[in-house]
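Student: For what it's worth, this note's numbering labels the leading residue of the sequence shown as 39, then goes sequentially. Glycine included, C-beta positions come from ideal geometry on N, C-alpha and C.
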Amino acid sequence: VKRSSTLNNNKVLGYPISIFFIVVNEFCERFSYYGMRAVLVLYFKYFLRWDNDLATSIYHTFVALCYLTPILGAIIADSWLGKFKTIIYLSIVYAIGQVTMAVSAIHDITDKDRDGTPDNMTFHVAMSMVGLFLIALGTGGIKPCVSAFGGDQFSEHQEKQRRTFFSVFYLCINGGSLLSTIITPILRAQECGIYTQEKCYSLAFGVPAALMVVALVVFIVGSGMYYKAEPQGNIMLDVCKCIGFAISNRVRHRGKQYPKRKHWMDWAEDRYDKLLIAQIKMVLKVLFLYIPLPMFWTLFDQKGSRWTLQATTMDGNFGALVIQPDQMQTVNPILILTLVPIMDSLIYPLIQKCVNFTPLRRMTVGMLMAAIAFVCAGLVQIEIDKTLPTFPSASQSQFVNGMGMALNVSTPGVYVGLIDSSYYSNYSLVNNGKIIFTIWSDTQACNYSREFGFGSSYTFYIPGNLVCQNDITATEDIKPNTAHMALQIPQYFFITAGEVMFSVTGLEFSYSQAPNNMKAVLQAGWLLTVAIGNFIVLIVAEVAKIPEQWAEYILFASLLIVVCVIFSIMAHFYTYINPAEIEAQFMKKGDDNDEDDKKQLQKGMEMVKRNSTGSHSYDGDDDDDERKKTKM
Ligand SMILES: CC(C)C[C@H](NC(=O)[C@@H](N)Cc1ccccc1)C(=O)O
Numbered sequence: 039v040k041r042s043s044t045l046n047n048n049k050v051l052g053y054p055i056s057i058f059f060i061v062v063n064e065f066c067e068r069f070s071y072y073g074m075r076a077v078l079v080l081y082f083k084y085f086l087r088w089d090n091d092l093a094t095s096i097y098h099t100f101v102a103l104c105y106l107t108p109i110l111g112a113i114i115a116d117s118w119l120g121k122f123k124t125i126i127y128l129s130i131v132y133a134i135g136q137v138t139m140a141v142s143a144i145h146d147i148t149d150k151d152r153d154g155t156p157d158n159m160t161f162h163v164a165m166s167m168v169g170l171f172l173i174a175l176g177t178g179g180i181k182p183c184v185s186a187f188g189g190d191q192f193s194e195h196q197e198k199q200r201r202t203f204f205s206v207f208y209l210c211i212n213g214g215s216l217l218s219t220i221i222t223p224i225l226r227a228q229e230c231g232i233y234t235q236e237k238c239y240s241l242a243f244g245v246p247a248a249l250m251v252v253a254l255v256v257f258i259v260g261s262g263m264y265y266k267a268e269p270q271g272n273i274m275l276d277v278c279k280c281i282g283f284a285i286s287n288r289v290r291h292r293g294k295q296y297p298k299r300k301h302w303m304d305w306a307e308d309r310y311d312k313l314l315i316a317q318i319k320m321v322l323k324v325l326f327l328y329i330p331l332p333m334f335w336t337l338f339d340q341k342g343s344r345w346t347l348q349a350t351t352m353d354g355n356f357g358a359l360v361i362q363p364d365q366m367q368t369v370n371p372i373l374i375l376t377l378v379p380i381m382d383s384l385i386y387p388l389i390q391k392c393v394n395f396t397p398l399r400r401m402t403v404g405m406l407m408a409a410i411a412f413v414c415a416g417l418v419q420i421e422i423d424k425t426l427p428t429f430p431s432a433s434q435s436q437f438v439n440g441m442g443m444a445l446n447v448s449t450p451g452v453y454v455g456l457i458d459s460s461y462y463s464n465y466s467l468v469n470n471g472k473i474i475f476t477i478w479s480d481t482q483a484c485n486y487s488r489e490f491g492f493g494s495s496y497t498f499y500i501p502g503n504l505v506c507q508n509d510i511t512a513t514e515d516i517k518p519n520t521a522h523m524a525l526q527i528p529q530y531f532f533i534t535a536g537e538v539m540f541s542v543t544g545l546e547f548s549y550s551q552a553p554n555n556m557k558a559v560l561q562a563g564w565l566l567t568v569a570i571g572n573f574i575v576l577i578v579a580e581v582a583k584i585p586e587q588w589a590e591y592i593l594f595a596s597l598l599i600v601v602c603v604i605f606s607i608m609a610h611f612y613t614y615i616n617p618a619e620i621e622a623q624f625m626k627k628g629d630d631n632d633e634d635d636k637k638q639l640q641k642g643m644e645m646v647k648r649n650s651t652g653s654h655s656y657d658g659d660d661d662d663d664e665r666k667k668t669k670m
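1. Please work out which residues of its chain come closer than 6 Å, Cβ to Cβ, to L103, disregarding the five sequence neighbours upstream and downstream, and give them in chain order.
2. Could you name the residues that DSSP lists as bridge partners for T476?
3. Are the CB atoms of Y462 and V438 nearer to each other than 7 Å?
4. Three or more C-beta pairs under 8 Å: does that hold for the stretch 205-212 against the stretch 134-143?
5. Taking buried to mean at least 16 other C-beta atoms within 10 Å of its own C-beta, is L639 buried or exposed?
6. Just checking T94 against ligand 1 - is the residue's beta carbon closer than 6 Å to any of the ligand's heavy atoms?
7. Taking only three categories from DSSP, how would you classify T613?
8. Round the Cβ separation of A579 and D89 to the nearest angstrom and send it over; I've been treating them as touching at under 8 Å.
9. Counting Cβ pairs, one atom from each stretch, are 3 or more of them under 8 Å apart for the stretch 233-253 and the stretch 47-66?
10. With DSSP as the reference, please indicate the residues paired to N355 in a beta bridge.
11. CB of T124 to nearest heavy atom of ligand 1: below 6 Å?
12. If you reduce the DSSP assignment to three classes, tell me which class K30 lands in.
13. Under a Cβ-count criterion, where at least 16 other Cβ atoms within 10 Å of its own Cβ denotes burial, should K641 be classed as buried or exposed?
14. By a C-beta neighbour count over all protein chains shown, 10 Å radius and 16 as the cutoff for buried, is S56 buried or exposed?
15. Check this for me: beta carbons of G111 and P246, under 7 Å apart or not?
16. Is E268 close to ligand 2? I mean its beta-carbon at under 6 Å from any heavy atom of the ligand.
17. Between which two residues does the alpha helix (DSSP H) carrying E64 extend?
18. Could you tell me which residues DSSP puts in a beta bridge with L35?
19. Starting from T99 and walking both ways along the alpha helix (DSSP H), at which residues does that stretch end?
20. Given 8 Å as the limit, is there contact between the stretch 386-393 and the stretch 482-501, that is, 3 or more CB pairs closer than that?
21. Mind checking which residues open and close the alpha helix (DSSP H) that includes I220?
22. Taking only heavy atoms of ligand 1 into account, decide whether any of them is closer than 6 Å to the Cβ of Q367.
23. For I672, does the three-state DSSP call read helix, strand or coil?
24. Less than 6 Å between the CB of S550 and some heavy atom of ligand 1, yes or no?
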């Protein structure tokens, strides 16, 4: 009643105005997060000069941390600050983290000798790690709060509007990430600096930092319009205590003299409310089903690491459009924005006509799609390997000075350096496309231009009698990349189709199968599977140590297929429930008769089981009456 009266004063088209601020906040926050993440692995590789394996490991550790911290955010919000204050405080931490990242990427700070490379790498590494830690704390901490806070803005009878809100919310996530994954790689490719011009990672991190500040300001502006639920005590703590008591009570009553109980959680009945125990049973059933899920995320999140690194060895020239390796990730949100409506309105209803396409079946197919995506990635890698030599490092050129005097060579943004007579320069990194070098000595200056393909490497020989363009000879140390980035599109298609089937369905499944007061617990549990998935990348990459990249892709695909089979067996035995109905059995009876309560619960569970094998089918709609009693 309180919520309705607070909210319904400010409505537009039946929706509380407050959700506008929440949706815009999510858009800006996801822009900030994905924008920073899009260039992160290249920042590690090219700015901090880490190798591919270290860059991939730290990237996945960071992503894993981002999905571990939701538990912390949920605890802070539920038991202490409430969602509103938690979002504000953790957003400030988040914004500070983004600013720290932007500052850490300013090479001039430690570039004492002004040669364009940072002189104190430890400083930059330390700052980046602090920044990433704060970002992980912020983004993960607010994640379960923002969506739940949005849901809180609707009153009980606004079920339909709330569902629409969650769809728009998911589209905003992908709208924000789409824009940022286009923009930040462009910013990263610019050149900036005080003393020397280098790739502008500071700008690529600075803009996401600014967007996080905007997200915070937008959220605060909406402050007067929100419904702010009071923290209700820490349900996670209650759940843990209750489970702990059930286990210890069971251990204490091991002997034959103690009658068995139907479920091990029933050993908590001596101290805890039966409703809480029934709710925990429901949650545990879903959590058990979650066990194989991290493997999906193991594959899914390699888009940002291995696949981006794969794209660096490919040709990004799409004619009028030149795509940076990190920009390939935009294919994911683009496909999400198109696939979600197509799946919902066309594909699912069509499949449903032939087979009962339940959430768990969708998730199984989603896993298979991800495995297919990795087989595609493996095939693309084989194609790349055919064309790729190993030495020297790509996208670089060097000059050999055959003249009797020292020469200077530069191109806008890159100073190759002063080359002594009969000596050679170091390799310098230049952009792809047409590059004009200026070569000058004490007595003469001239221009030399050349087309650089993606990933190519050249040595230029300057003869003794330099007149320029026509005198310089070039050898091609590395041919330009010939495998086109478009080859990655099939793998992106399959992984995104997999995401729609697995992730969008899984989110909704977790929500529908959770008791009311534990929806946040299950959301945090769902996000935890993402975190574990990212840790698995680290473990498999470390343990397997496979020298061939294509073989690693195939290994991951095979692992997911095995896990997928296990999941489908587990899902087959899962019985869909209607938590509200089971809870209602308890509410109705109250606490007046314990025996009656137990019977009532059993009746509820049995009824659900009976119906699960009967004629009910899951129709993919949210109408609880229809979905409550179905097997996979
Ligand atoms: C599914 C995630 C755990 C949650 C969700 N992510 C997405 O929706 C991604 N499709 C967004 C994306 C964008 C660009 C590159 C990779 C992923 C989220 O962030 O909440």
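Tutor: A quick look at the data gives this:
1. A174
2. S448, N485
3. yes
4. no
5. Only weak support exists for where L639 lies, its pLDDT of 47 falling under 50; the coordinates are left without a value.
6. no
7. strand
8. About 12 Å separates the two Cβ atoms, so there is no contact after all.
9. yes
10. V360
11. no
12. Only positions 39 to 670 of the chain appear in the structure, and residue 30 is not among them; the question remains open.
13. Low confidence applies here, because K641 scores a pLDDT of 45, under 50, leaving its location unreliable and the question unanswered by this model.
14. buried
15. no
16. As for ligand 2, it is missing from this structure, which binds only ligand 1.
17. 56-80
18. A query on residue 35 cannot be resolved here, the shown segment of the chain reaching from 39 to 670 and no further.
19. 90-114
20. no
21. 197-227
22. yes
23. In the structure as shown, the chain begins at 39 and stops at 670. Residue 672 is therefore absent and cannot be evaluated.
24. no
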